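Colleague: In my numbering, the protein residues as written are 2 to 167.
C-beta atoms are modelled at their ideal positions from N, C-alpha and C, and glycine is treated no differently.
Here the structure is a predicted model, which means the values were calculated and not measured.
Sharing a structure with you now.
This is the structure:
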């Protein structure tokens, strides 16, 4: 079943019923959208961004790290996905989705939606106040403040969300 991400209600505050499995699927979709957008923004650098799907390791590493977390696990199995990302066949690849067999898979249509990715990115910038934090960092480093980035769009700040927590 396809999953849809409501960027206007990322905290699920407007939902009538909480469904943990739906929230889980939406967080995985948000992670994929964010990673794909990050890979696009960094494509002209030497930084690569790829996504390993849930249950990505055929030896059960993800399952062992979650549901069966108390069973002994070798260090090799814990880092297999990380090491695969450093493997020769991954050299220069970015923006890929890797399945449990370590094969590239096509992204679903939601992740390929550039407008949706950019909207999530803008929301993340607003919630984290990234432009303000970057300006402070540049100031501390002695760089000119006029190079600070601004949010990609008119996404609302996460202030009201923060107030709900307290």
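Looking at the secondary structure, which residues open and close the alpha helix (DSSP H) in which residue 135 lies?
Modeller: 131–142
Colleague: I need the straight-line Cα distance from residue 57 to residue 88, nearest angstrom please.
Modeller: At residue 57, the pLDDT of 45 sits below 50, so the modelled position is not reliable and the matter cannot be decided from this model.
Colleague: In terms of DSSP beta bridges, what is residue 106 paired with?
Modeller: 98
Colleague: If I follow the unbroken alpha helix (DSSP H) through residue 42, where does it start and stop?
Modeller: 21–42
Colleague: Rounded to the nearest angstrom, how far is the Cβ of residue 11 from that of residue 112, given a contact under 8 Å?
Modeller: For residue 11 against residue 112, the beta-carbon gap comes to about 16 Å, at or over 8 Å, which does not count as contact.
Colleague: Run the CB neighbour count on residue 7, radius 10 Å, all protein chains shown included, and call it buried at 16 or more, exposed below.
Modeller: exposed
Colleague: When DSSP labels each residue in this structure, what does residue 52 get in the three-state scheme?
Modeller: strand
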